[in-house]
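One structure is given below, encoded as structure tokens.
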Amino acid sequence: MRQIAVTALALAIAAGCAHRADDGASHAADAREKAREEQSERATLESVQVTGSRMMAPPVAAAPAAPPVAYMPMPRPPVERNTENYAAFEDNGIRRTAEQPVSTFSIDVDTGSYSNVRRMLAQGRLPPRDAVRVEEMINYFDYGYPAPTDRRQPFRVSTELAPAPWDGKRVLMQVGLKGYEVAREQIPASNLVFLIDTSGSMNSPDKLPLLKESFRQLVPRLRAQDRVSIVVYAGSAGLVLPPTPGDRHGEILAALGQLEAGGSTNGGEGIDLAYAMARQGFVEGGVNRVILATDGDFNVGIFDPRALETKVEAGRKAGVALTTLGFGQGNYNDALAEKLADVGDGNHAYIDNLMEGRKVLVEEMGSTLLTIASDVKIQVEFNPAQVAEYRLIGYENRQLEREDFNNDQVDAGEIGAGHDVTALYELCLVGMGCESSDALRYAAPASPAAGSGEIAFLKLRYKQPGQSQSVLVEQPIRRQDLRRQAGESLRFAAAVAAYADLLRGGRNMAGFSWDQVEVLARGARGDDPWGYRGEFLQLVAQARSLAPGRDPTPSISQD
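When we follow our numbering, the leftmost residue of the sequence shown carries the number 297, and every step to the right adds one.
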């Protein structure tokens, strides 16, 4: 019995040992299996590719910090050099009547200086001195002069005498010319060649794109009897639209639409092709004109401006006029654009926005196209017994020699249908004590006979279109015409003249301030249907804010 118990006990112990061995083996196998599963999972996670689902990648060990380096600033983009070009000139000086009694100049209807100055003020900068031409600032505005009653005389002359607002001892003399109006349907058939600069320098929103939009406004005004051509130049010249009837608006607009900027500028070849097209479509007794639209950057082809002027002069003598339209900034060649227009018996305008494009190409296109008087010259002889000194305000680059007045071979300015032209003189009358220089010791005294009531004798010469002999117009200006207060048109013209003088440095208006200019212009704003005079007041405020020093608030008598 005892033996049986021992045997059973041994078997139980063996079974327990075997069971513990099996349990240990099982636990070891489980551990090994778990390790294999974890290793497989790590391998799977390490091979995951992100496909856009929200799967979290395993943490990545941070890279060691980079050693500190010296700060290197980013290079600034290159600043394009401003190459705008303006012809230098000095203001007209004061003349003693006893020594130089005669003043002679050519009229000017250009307005490019005004809108170009407006562009610069809008950009927050004052214009360079030589960009400001006083007569172009004044002639930007309509002064409501009476028109001629008889078309046998193409324009009517108006004059006014009144105290100068900046110096009560001095007098302003205003000479205004008004050309007769012509309805659009009465303008003769027009042969127009648009010569458009498409060079790389025109690749800017204020250049070719603005040019195209401005010209699109003109197209609906073109008529069946008109002919339109489009010539472009960029490296070489090309014909985009041959002479086409003006009522084919779709074709003309499509040709404008395909213009793109690129390449260099060969203005010489472009002008040659434009004048060739003008000759091909020439209208006898009609309007024949090339309209050059450019930033003025003639940098390939003809380098000599005089050679370009020769081409334009030859075209003028053949009966084809030239108008220039300036666009853009940075490389605008104002000096060349203005000179070519002068030589080509045309006018020069600068287009800085779409409203100006409409003003030039739609509202004023009749006066741009139809010349009613050519080679218009003004000569004023001042009476030394009445006028001690005088100064012509503006027209510095339009001065003529005294003998040029009677010489019909000398080229001068043109007046278009409906054009206004204004000239201002500042006078010091004898006995007013406003002389700026002493009389010559040995000068002959004024003749008693010259002490009549005449302050000056005004003479004008002009040619009818197509005529070679000029017509003379004469008119005395008497002291009895002197008014106590200037009329509205003279006050506003004086405000514009003073504004231009301040932009040029303020050397001629006896300390007249920006605030005084504003008060004077505001009091003479008058009827302003297009808002041009109101805009002028804004420009005065802009210029005043940019001027180096602010002047005290003044008061001006409007009595």
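We put the CB at the ideal spot given by N, CA and C, even for glycine.
Note that this is a predicted model, so its numbers are computed, not measured.
For residue i, I'd like the list of residues in its chain whose CB is within less than 8 Å of its CB, leaving aside the five on either flank, ordered along the chain.
i      : result
Pro844 : none
Ala669 : Pro450, Phe451, Gly475, Glu710, Ile711, Tyr758, Lys759, Gln760, Pro761
Arg421 : Leu842
Thr347 : At Thr347, the pLDDT of 36 sits below 50, so the modelled position is not reliable; the number obtained from the coordinates is stated separately. Cβ within range, chain order: n/a, list empty.
Arg425 : Leu799, Arg800, Gly801
Under a CB-based cut-off of 9 Å, is residue i close to chain B?
i      : result
Pro461 : Absent from the structure is chain B; it holds one protein chain and no more.
Which residue's Cα is closest to the Cα of residue i: the options?
i      : options                        : result
His545 : Pro538, Pro423, Ile567, Arg517 : Arg517
Ala572 : Ala739, Gly542, Ala533         : Ala533
Arg737 : Ser402, Glu395, Glu386, Leu756 : Glu395
Asp700 : Phe385, Leu552, Ser402         : Ser402
Gln705 : Ser764, Arg391, Val717, Glu692 : Ser764
Ala460 : Ala603, Pro680, Leu816         : Leu816
Arg694 : Val430, Pro423, Met805, Gln419 : Val430
Arg512 : Pro741, Trp826, Gly542         : Gly542
Glu652 : Arg480, Asn703, Arg447, Gly408 : Gly408
Ser486 : Leu506, Asp463, Asp522         : Asp522
Ser454 : Gly464, Gln771, Ala806, Asn702 : Gln771
Tyr628 : Lys755, Ser500, Val579         : Ser500
Tyr828 : Pro397, Ser411, Ala719         : Ser411
Thr718 : Arg414, Gly611, Asn435         : Asn435
Gln776 : Gln838, Arg447, Asp591, Gln682 : Gln682
Asp413 : Asp630, Thr667, Leu666         : Inspection of the sequence shows that residue 413 is occupied by Val rather than by Asp. Answer by Cα proximity: Asp630.
Ala614 : Thr590, Asn584, Gly592, Asp591 : Asn584
Gln838 : Val536, Leu417, Leu650, Glu697 : Leu417
Leu857 : Lys673, Gly714, Ala713         : Past the boundaries of the shown model lies residue 857; the chain is included only from 297 to 855, so the question cannot be answered.
Please report how far the alpha carbon of residue i lies from the alpha carbon of residue j, in whole angstroms.
i      : j      : result
Ser497 : Ile751 : 52 Å
Asp381 : Gln625 : One point to set straight first is that residue 381 is Asn, not Asp, in the sequence displayed. Whole-angstrom Cα-Cα distance: 10 Å.
Val515 : Ala794 : 38 Å
Lys503 : Glu814 : 32 Å
Pro538 : Ser525 : 5 Å
Ala782 : Leu768 : 29 Å
Glu556 : Thr494 : 6 Å
Thr849 : Ile483 : Confidence in Thr849 is poor, its pLDDT being 44 and thus under 50, which makes the residue's placement too unreliable to answer from.
Ser823 : Thr606 : Checking the sequence shown, residue 823 turns out to be Asp, not Ser. Near 44 Å, if we compare the C-alpha coordinates of Thr606 and Asp823.
Phe437 : Cys724 : 27 Å
Glu722 : Tyr529 : 45 Å
Ala739 : Arg780 : 32 Å
Ala574 : Gln419 : 38 Å
Pro601 : Thr445 : 42 Å
Asp641 : Ser766 : 16 Å
Ala791 : Phe578 : 43 Å
Gly690 : Leu488 : 32 Å
Ala384 : Glu634 : 13 Å
Asn703 : Ser399 : 15 Å
Glu831 : Asp716 : 19 Å
Between residue i and the rest of its own chain, which residues show a CB-CB distance below 6 Å, the 5 nearest in sequence each way excluded?
i      : result
Arg840 : Trp810
Leu491 : Val527, Gly566, Ala570, Val586, Leu588
Glu609 : Val639
Ile390 : Glu685, Arg687, Ser732
Ala796 : Val428, Val430, Met433
Phe753 : Glu677, Pro772
Ala645 : Thr407, Gly408, Leu621, Val656
Lys755 : Gln675, Glu770
Using a 10 Å radius around the Cβ and a threshold of 16 neighbouring Cβ atoms, would you call residue i buried or exposed?
i      : result
Asp319 : Note that Asp319 has pLDDT 47, beneath the 50 cutoff, so the model's placement of it is unreliable and no number is given.
Gln812 : buried
Asn378 : exposed
Gln675 : buried
Lys655 : buried
Arg803 : exposed
Lys465 : exposed
Pro442 : exposed
Glu659 : exposed
Arg800 : buried
Gly749 : exposed
Ala617 : buried
Val836 : buried
Pro423 : buried
Gly592 : buried
Leu473 : buried
Given residue i, which residues of its chain have a CB within under 7 Å of its CB, disregarding the five upstream and five downstream residues?
i      : result
Leu786 : Glu456, Ala458, Leu468, Gln470
Asp707 : Asp671
Asn643 : Val405, Asp406, Thr619, Ala637, Thr664
Glu784 : Ala820, Gly822
Lys508 : Leu552, Leu555
Thr393 : Phe678, Pro680, Val683, Ala684, Glu685, Tyr686
- Whole runs of the beta strand (DSSP E) within the segment 533-601, excluding any shorter than 3 residues: 583-590
- Message: Please give me, in chain order, every unbroken run of the beta strand (DSSP E) with length at least 3 that falls completely inside the segment 404-461.
- Response: 451-460, all fully within the segment 404-461.
- Mind pulling the beta strand (DSSP E) runs of 3 or more residues that sit fully within the segment 620-688? 644-646, 667-678
- Item | Within the segment 729-781, ranges of the beta strand (DSSP E) (whole runs, at least 3 residues) | 750-759, 767-774
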